[in-house]
Amino acid sequence: MAPRSQRARWGWALVTWLLAGAAAAETPKTQSVDWRDQVLYFAMIDRFADGDTSNNDQNAGVFDPADGSKYSGGDLRGITQRLDYIEGLGVTGLWITPPVANQWWDEEARFSGYHGYWASDFSAVDAHYGTLDDYVALGQALDGRRMTLVQDIVVNHMGNFFAYDDWREGEPAHSWRRTRGSRPMDRPTQWPFSQNDPNDPAQRALSVYHWTPPVRDYTNKVQELTFQMAGLDDLDTSSPVVRRALRKSFGDWITKVGVDGFRVDTAFYVESEFFPDFQHSEDPEAPGVLRVAAAQGNPRFHLFGEGFGIDKPFEDVQMRKIDAYQRVEGGIPAMIQFPMYGTFGDVFARGHAPAELAWRIERTLAVHADPWRMPTFIDNHDVDRFLAGAGEPALKQALLAMLTLPGIPVLYYGTEQGFRAQRDAMFATGFGSGGRDHFDTAHPLYRQIAAMVNLRRAHPALSRARPEILAADGAGPGVVAWAMQGDAEAGSTDGDRLVVMLNTAEDRRLLDLDGLPAGARLVPLLALDGEGPVLQAGADGRVLGELPARAGGVWRVELAPHKAPTASTPTAPTLDPVLAVADGDLVLTGTLPPGLDGLLVVDGDLRRAQRLIADAEGRWRETVPTDDFIDPKATHRVVVLAGDGLASPGQTFRVERDWALLAEATDPEGDDAGPEGRYRYPTDPSYADEASMDLRGMRVFGSGGALAIELTMGEVLDSWNPANGFDHVAFSIFLSLPGRSDGATAMPGQNAALPEGRRWQVRLRTHGWSNAAFTAEGADADRDGTPLVPGARIAVDQARKLVRFEFPAAALGHPADLSGLVVHATTWDWDGGWRGLTPEGGGHTMGGGDGASDPRVMDAMTMSVD
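So for the sequence shown, our numbering puts the first residue at 120; every next one is plus one.
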């Protein structure tokens, strides 16, 4: 039952609904919306702005801004009051988390539904967020600014209102029970979703739910579609009763509030055949949502679904799975580009080769029929903030890439203020805010993002064209560039040819572009830092130059006037095509023009370029170390520079190095219970046999100055379909490098320090969805340190229960060898931050200690290399 104050306002809200619906029918507000040109701002209602403090505490013990698991006080009125701030970024629309009534507290999980994804009633506004009047006011305010409104919806599940202690297939009533301590209700309040007890023959016959346990195997299609995701009660979306109720519930938000689009949560866990009915049903009592929108004067209503699937580099398994949902006749028009999100993080934050991004861009155009209407993002409420594992220069590069590639760019709230924590509040009294508001329109990131968004809006080629790859370094960080040509085919009205260039490395890199018009000038339109240079293409359409560390920008191509060809072309240096390997190093040969020295540049790295001096016959020979080349699949590129604008054609090669075992040790089984043996795993069934944090062994390998660490685990789980191949464990691995006495002793975020007063210089923090490396500079008990690029490559062998991390020599400062290295590996778990620890524990909380002071270490191993 809703609070009395809300119920009293429903009568007035009905009048508002009718007036809003009539106005929408008379004045179609979004007919001119082209979703290719949209840029969305994604706000979590509870954490964005508190416009009405009277609705914060609903007297259920679930409001506590000091506790990240409880409500903080953000609401719909607060968002409306901050629309000037949102619009100032240049964005065209707002996406909000589900505003519907939720299960407020799940005692077994020890968590609240502040996020909005644990529905109890799809047809009502949650009392913490305000009233229906407040939501209508937000919709009308956005209308007045000609901004779109996207509402997050859930069709796969309700909150966690029931569970099984001993589930048996085909016996839904066996061991079924209601979730203990659910507040403020013990079952959904909306019919038919309230009919969730299989012990009642009538409710069982209605078949609103799949009465099932949590998913244990995400590769099992039956479990994926019918079992509970994270214990949330799974709806039988094949049921006509359920389908009608969902159409009616969400269609009403279109008529009452004027919603312009839906983001569909957990779409992977709903059969794709659901969506034609949800959108197009001709049921006069509960028509499909697209029919409802069209009747309200909005024929361009948009839906996009969440399919949390991230591909490994140069793979498209998840891309094709995502695309299958868009290929069903009458199905969901778009899905979020999760594989592109994964590649953005790999390339810009973790130092992967830009060739991975180039491949993903080209594959996106090949796999998806309409990627321009598929949302793109760099972080959101379900994954780590981009800045949790990378610096601001990398963030700005990722944002520029997102805003200059096909898709609907989505900015997660707080990115423009430099947020590093996943769900901190923007307002002073909210969780993690530090006691101050974060609506600073003078913040450098806010201004930079606004400039990028406005550039995109000023040049339709950036939102509508097909990218053409011009350069992409194939091994480690470096240069990537693409062109966007405005033309009629792409729907652009301008003829601009724009070039986007980025250097993802932490040092200057060679710029070597092919495919531009002869003699063209590249005039800068936007630079991430400072002013971009004017660049000139040669007679062969090749641009040679350099990009500073983490540089990036957008240039407009200006054609040169026609000129007669020159009488002669200077002799260019050469690079012999035969590449030989000797003792793990690469031997290269070639020629130089008479009287000129040269530079040998490998993978564009100008800082480590080697000087070449030719012999009397003009020949040169040079040896290149390869201990940074740890990926045998990576394509390396080498070029010779000589004189002003003279360069050899590039040559490519691959390297496969041998790894030598340097040290190994075992660790006792079952000692994963904390330093004093009193910690307990969370009680959620997804933790299975409670061995996912149990270190059983470690092996250390070397290849020149490169390092590999292989951990044997008690169990390697993939309970929640993690991108990195392991779940329910977070590794924090500390490297004390040979001959170094600097560094830090604190283990950031873990309430602990390295044993024996040891210092670390490099640290890896990784879990199922994140892989971040840091140096000790700036590190302390709370701060990770300085992001390190490149970091580690991860490989998982689930059958052998192995997780392997490989570091290139560059990550360790190119040591001559690894003698004297000390490795300290620890395990814990992660959920938007280090998982909580309390004396009593819980479904998703560690037990047996005090998280404010006790070490967050479940198991640990230390190993030295002689």
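No residue lacks a Cβ here, since even glycine has one placed at the ideal position from N, Cα and C.
**Message:** Suppose contacts are defined by Cβ-Cβ distances below 8 Å. Is Arg196 in contact with Asp253 by that definition?
**Reply:** Cβ atoms of Arg196 and Asp253: closer than 8 Å.
**Item:** Stretch-stretch touch, CB-based, cutoff 8 Å, three pairs: the segment 590 to 597 with the segment 541 to 556
**Value:** These segments do not touch.
**Request:** Compute the Euclidean distance between the alpha carbons of Glu736 and Pro692, then round it to the nearest angstrom.
**Result:** Near 13 Å, if we compare the C-alpha coordinates of Pro692 and Glu736.
**Item:** Span separating the alpha-carbon of His943 from that of Arg504
**Value:** Whole-angstrom Cα-Cα distance: 26 Å.
**Item:** C-alpha distance - Gln342 paired with Arg815, whole-angstrom precision
**Value:** Between Gln342 and Arg815, the alpha-carbon positions lie close to 31 Å from each other.
**Beta-carbon proximity list for Thr199, same chain, < 8 Å, skipping 5 on both sides** = Sequence-distant partners of Thr199 (beyond 5 residues in either direction) whose C-beta falls short of 8 Å from its own C-beta, in its chain, are Gly170, Asp253, Ala256, Leu257, Ala260.
**Asked** Using the rule of at least 16 other Cβ atoms within 10 Å of the residue's Cβ for burial, across every protein chain shown, is Arg123 buried or exposed?
**Response** Model confidence at Arg123 stands at a pLDDT of 27, short of 50, so the residue's coordinates are unreliable and nothing is read from them.
**Request:** Using alpha carbons as the reference points, say which of Ala761, Arg954, Leu641 lies closest to Trp674.
**Result:** Nearest in C-alpha terms to Trp674, of all of Ala761, Arg954, Leu641, is Leu641.
**Message:** According to DSSP, is Leu940 part of a helix, a strand, or is it coil?
**Reply:** Leu940 falls in the coil class under three-state DSSP.
**Item:** Short CB-CB distance (under 8 Å) between Ala488 and chain B
**Value:** Annotation note: the requested chain B is absent from the structure, which comprises a single protein chain.
**Prompt:** In whole angstroms, what separates the C-alpha of Arg410 from that of Val360?
**Reply:** About 19 Å.
**Message:** Please identify the residue among Gln415, Gly823, Gly649, Gln347 whose C-alpha is closest to the C-alpha of Pro804.
**Reply:** Measuring from the Cα of Pro804, the nearest candidate turns out to be Gln347.
**Request:** Express the C-alpha separation of Pro696 and Asp791 in angstroms, rounding to a whole number.
**Result:** Cα to Cα, Asp791 sits roughly 54 Å from Pro696.
**Prompt:** Just to confirm, are Arg287 and His293 a CB contact at a threshold of 8 Å?
**Reply:** For the 8 Å CB-CB criterion, Arg287 and His293 form a contact.
**Request:** Tell me whether the beta-carbon of Pro636 lies closer than 8 Å to the beta-carbon of Leu678.
**Result:** Against a cut-off of 8 Å, the Cβ pair of Leu678 and Pro636 comes out as a contact.
**Request:** Leaving aside the five residues before and after Leu564 along the sequence, list all residues of the same chain whose C-beta is less than 6 Å from its C-beta, in chain order.
**Result:** Answer for Leu564: Glu535, Gly537, listed in chain order.
**Message:** So the candidates are Gly955, Tyr190, Arg302, Leu663; which of them puts its Cα closest to the Cα of Arg975?
**Reply:** The closest CA to that of Arg975, considering only Gly955, Tyr190, Arg302, Leu663, is found on Gly955.
**Prompt:** When we look at the beta-carbon of Gly549 and count the other beta-carbons within 10 Å, is it buried (16 or more) or exposed?
**Reply:** Counting Cβ neighbours within 10 Å, Gly549 comes out buried, since at least 16 surround it.
**Message:** Check this for me: beta carbons of Arg446 and Phe397, under 8 Å apart or not?
**Reply:** Going by beta carbons, Arg446 and Phe397 fall outside the 8 Å limit.
**Request:** Would you list the one or two residues that DSSP bridges to Tyr444?
**Result:** Per DSSP, none; premise fails for Tyr444.
**Request:** Work out the CA separation of Gly207 and Asp442 for me, nearest whole Å.
**Result:** Asp442 and Gly207 have their C-alpha atoms roughly 34 Å apart.
**Item:** 8 Å Cβ cutoff met for Phe988 and Ala935
**Value:** The question about residue 988 has no answer here: the residues shown for the chain are numbered 120 through 985.
**Asked** With distances taken from CA atoms, which of Pro794, Leu937, Gly932 is nearest Leu873?
**Response** Leu873 has its Cα closest to that of Pro794, out of Pro794, Leu937, Gly932.
**Prompt:** In this structure, does DSSP put Glu896 in helix, strand or coil?
**Reply:** In the structure shown, Glu896 sits in coil (DSSP, three-state: anything other than H, G, I, E or B).
**Prompt:** Helix, strand or coil: which one does DSSP assign to Ile272?
**Reply:** The answer is strand: DSSP assigns Ile272 an E or B state.
**Asked** Expressed to the nearest angstrom, what Euclidean distance is found between the alpha-carbon atoms of Asn622 and Phe241?
**Response** So the alpha carbons of these two residues sit roughly 46 Å apart.
**Message:** Could you pull the DSSP bridge partners for Glu783 from this structure?
**Reply:** Paired residues: Arg818.
**Asked** When the Cα atoms are used, what is the spatial distance from Arg566 to Ala364?
**Response** When rounded, the distance between both Cα atoms is 44 Å.
**Prompt:** Secondary structure at Val673, three-state DSSP: helix, strand or coil?
**Reply:** Looking at Val673 - three-state DSSP - the assignment turns out to be strand.
**Request:** To the nearest angstrom, report how far apart Leu937 and Leu718 are at their CA atoms.
**Result:** About 30 Å.
**Asked** In this structure, does DSSP put Phe420 in helix, strand or coil?
**Response** Looking at Phe420 - three-state DSSP - the assignment turns out to be coil, as it is neither helix nor strand.
**Asked** Name the DSSP bridge partner or partners of Asn221?
**Response** Asn221 has Ala238 as its beta-bridge partners, per DSSP.
**Prompt:** Asp716 to Gly651, Cα distance in whole Å?
**Reply:** Spanning the two alpha carbons is a distance of roughly 29 Å.
**Asked** Looking at the unbroken beta strand (DSSP E) that takes in Tyr160, where does it start and where does it end?
**Response** Its beta strand (DSSP E) spans residues 159 to 162.
**Prompt:** Taking the alpha helix (DSSP H) that Thr483 falls in, what are its first and last residues?
**Reply:** That run of the alpha helix (DSSP H) goes 473 to 486.
**Message:** What does the Cβ neighbour count give for Glu145, buried or exposed, with the cut at 16 atoms within 10 Å?
**Reply:** Per-residue confidence for Glu145 stands at a pLDDT of 39, beneath the threshold of 50, marking its modelled position as unreliable; the derived number appears in the next sentence. That one is exposed.
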